[in-house]
Amino acid sequence: MLDLKFVRDHFDQVYGMLKNRRQNLDLKLFADLDEKRRSILREVEELKHRRNVASDEISQLKKDKKDASTQIEAMRDVSQSIKVLDQELLDIEQKCKEILLLIPNMPHESTPLGADEKDNPEVKKWGEPPKFQFDPKPHWEVGESLGILDFERAARMTGARFALYWGQGAALERALISFMLDMHTRRHGYTEVLPPFMVNSGSLMGTGQLPKFQSDLFKLEGWDYYLIPTAEVPVTNIHAGEVLDEDELPKLYAAYTPCFRSEAGSYGKDTRGLIRQHQFNKVEMVKFTQPETSYDELEKLLLNAEAILQELGIHYRVISLCTGDLGFSASKTYDIEVWLPGQNTYREISSCSNFEDFQARRANIRFRRKGQSKTELVHTINGSGLAVGRTLVAVIENYQQEDGSVAIPPALRPYMGNTEKIEKRA
RNA sequence: GGAGAGAUGGCCGAGUCGGCUGAAGGCGCUCGCCUGCUAAGCGAGUGUGCGCUGUAAAGGCGCACCGAGGGUUCGAAUCCCUCUCUCUCCGCCA
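The first sequence begins at 118 in my numbering and counts up one residue at a time.
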């Protein structure tokens, strides 16, 4: 959420931002409502002031055992007017808030201008695509023939976009989770957390999934609970409503959670394999920082995510999302795209973003500088480190052998009982 | 699921029969004094949001906020209702 006063004072700038993001929103209505809100506010506050003054008089008269019925009678009407105006004010404020919650974040100046994903510039590349003496296969073919991935049975027990992992496949997924968490906690300084996998609507409001993206979420019937679409939601909300001490910043958290997404509107896209599932595992990194260090922390977080792929020895590139492709809450986002030889393409495996104070304002996450009484909003940053299912896809496709087996990258072997490769079960 | 207790400022904790309580007291923190250093001590200060006004920075005035929402009243932290959460006991359970 943007600051109300910021929107009021930088109207043209916000308007331009919406255009760059290709968003349509009635800002004029917002300006009118805001104007009206302030005029009613002035009126009702004046009345309340009169009531407060009269209240003191009445109190004094009663103490002196004098008659106060004239004043009381007069205040009856005033109170009635206040009631009416307060209701009117509430309605307008509600509408203002609704609009404000739908305004996306201001992109950072370093976010490139552009219309869509075609305009996302590549900012770096690491490693090389592996050379194959045979035609590399997509992971679903490798996985199914090895008997470690089973989409048919998952579809039978649940439905499309779910997967059943078998044996070494399940173990590989689990190994990746431990490997990633260990890297982030032991080498990168993050504190591991294991949050609830369901959150209430307030938390989703805080990180920006609601009210706009309700249809992307799975909601539990009869409860104000949603399955989390990403650990970002519960982990960022850990400190919702809190005032942190400056010297505890930056706070670094890493969490493994499953993620649940309805993938509404993605019919027909990526229908095969693990790439787009209703449920997938992810290790997420979340940071709470001071405003002045947030962009440095974003760069570090990106390196922390990259380190996973480097340890696994898998080629990737990093792109910077342009204004037209940038997520609703983000000011700046880097995507890491991993090389998938079986599909001859790069696929997003991590998204690292700085939200500046956008989420902090919604979730009310503040900090106090040493020796200051005033609080400020923190900046929040998060990124996948990494999407586990897609990492498993990358391992399978990049490490597949001509005989259909899959070699285990050395870094993962300690997590797999020193297994060196996955072969077809006898 | 049943019974009871509670929710006040960064934290702890008072609030009498509804009427100078933004809220006592303490802790913490900041500044000043004292001090060779540290500790202790003394003095002053220390919530947020919004509106109006306004400054070089500031400030001033007003309104609201004592878990959330609603009600009663001229007036509610204080009375009533609903909800949420926490704690204790019972039941159930991995």
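Beta carbons: idealized from backbone N, C-alpha and C, even for Gly. Predicted model, so just to flag it, every value in this text is computed and none were measured.
Please report the distance separating the alpha-carbon of residue i from that of residue j.
i, j, result
"C439", "E416", "17 Å"
"I157", "Q204", "11 Å"
"Q396", "R270", "15 Å"
"D474", "S262", "48 Å"
"R138", "S172", "52 Å"
"F268", "D120", "46 Å"
"V210", "Y343", "For the record, residue 210 in the displayed sequence is Glu; it is not Val. Computed Cα separation, rounded: 27 Å."
"K122", "C213", "12 Å"
"V259", "A424", "26 Å"
"Q518", "P531", "21 Å"
"F330", "T374", "20 Å"
"S318", "R378", "15 Å"
"K386", "L207", "44 Å"
"V360", "T302", "25 Å"
"L529", "L293", "7 Å"
"L142", "P221", "10 Å"
"D362", "G286", "44 Å"
"W257", "F296", "23 Å"
"P458", "D341", "42 Å"
"M134", "H225", "11 Å"
"K242", "A511", "16 Å"
"L298", "V435", "21 Å"
"H127", "M223", "11 Å"
"H356", "V310", "13 Å"
Which of helix, strand or coil does DSSP assign to residue i?
i, result
"Q394", "coil"
"G502", "strand"
"D452", "strand"
"T536", "coil"
"S577", "Nothing can be reported for residue 577: it is not among the residues displayed for the chain, which extend from 118 to 543."
"C213", "helix"
"R168", "helix"
"E544", "This structure cannot settle anything about residue 544, because the visible part of the chain is limited to 118 through 543."
"S446", "coil"
"M223", "coil"
"T353", "helix"
"K417", "helix"
"R478", "helix"
"I189", "helix"
"Q517", "strand"
"R542", "coil"
"T440", "coil"
"R485", "strand"
"L142", "coil"
"K179", "helix"
"T228", "coil"
"M118", "coil"
"V131", "helix"
"K242", "strand"
"V403", "strand"
"V495", "coil"
Please classify residue i: is it buried, with 16 or more other beta-carbons within 10 angstroms of its beta-carbon, or exposed?
i, result
"T508", "buried"
"L334", "buried"
"K166", "For clarity, residue 166 is His in the given sequence; the question names Lys instead. Result: exposed."
"I240", "According to the sequence shown, residue 240 is Val rather than Ile. It counts as exposed."
"Y556", "An answer regarding residue 556 cannot be provided, because it is not within the stretch 118 to 543 covered by the chain."
"N169", "exposed"
"V350", "buried"
"T228", "buried"
"L332", "A quick correction: the sequence has Ser, not Leu, at residue 332. Flag for S332 reads exposed."
"A381", "exposed"
"P328", "exposed"
"Y516", "buried"
"K399", "buried"
"L556", "Outside the modelled stretch of the chain, which goes from 118 to 543, sits residue 556, for which no answer is possible."
"N461", "exposed"
"S383", "exposed"
"D151", "buried"
"L388", "The question names Leu, yet the displayed sequence has Thr at residue 388. Exposed, by the Cβ-count rule."
"F405", "buried"
Quick one: is the Cβ of residue i within less than 6 Å of any heavy atom of the ligand NAP?
i, result
"A191", "In the structure shown, the ligand NAP is absent, as is every other ligand, since no ligand is present at all."
- Query: What are the start and end residues of each continuous alpha helix (DSSP H) run of 4 or more residues lying completely inside the stretch 278-351, in chain order?
  - Reply: Fully enclosed alpha helix (DSSP H) runs of 4 or longer: 284-299, 318-324.
- Counting only runs that start and end within the stretch 245-276, where is the beta strand (DSSP E) found for 3 or more residues in a row? Counting whole runs of 3 or more residues, the stretch 245-276 contains no beta strand (DSSP E) stretch at all.
- Task: Evaluate the contact criterion for the stretch 264-283 versus the stretch 385-395: three or more CB pairs, one atom per stretch, below 8 Å.
- Result: The stretch 264-283 vs the stretch 385-395: in contact.
- Query: Do three or more CB pairs link the stretch 437-452 to the stretch 532-542 at distances below 8 Å?
  - Reply: no
- Examine the Cβ distances between the stretch 214-224 and the stretch 140-152 and report whether three or more of them are shorter than 8 Å. Contact between the stretch 214-224 and the stretch 140-152 is present: 3 or more CB-CB pairs across the two stretches fall below 8 Å.
- Message: Give the list of continuous beta strand (DSSP E) stretches no shorter than 3 residues that lie fully inside the stretch 355-394.
- Response: 360-362, 368-377
- Validate contact between the stretch 178-197 and the stretch 232-246 using beta carbons, cut 8 Å, 3 pairs: no
- Can at least three beta-carbon pairs, one atom from the stretch 365-372 and one from the stretch 458-469, be found at a separation below 8 Å? No contact exists between the stretch 365-372 and the stretch 458-469.
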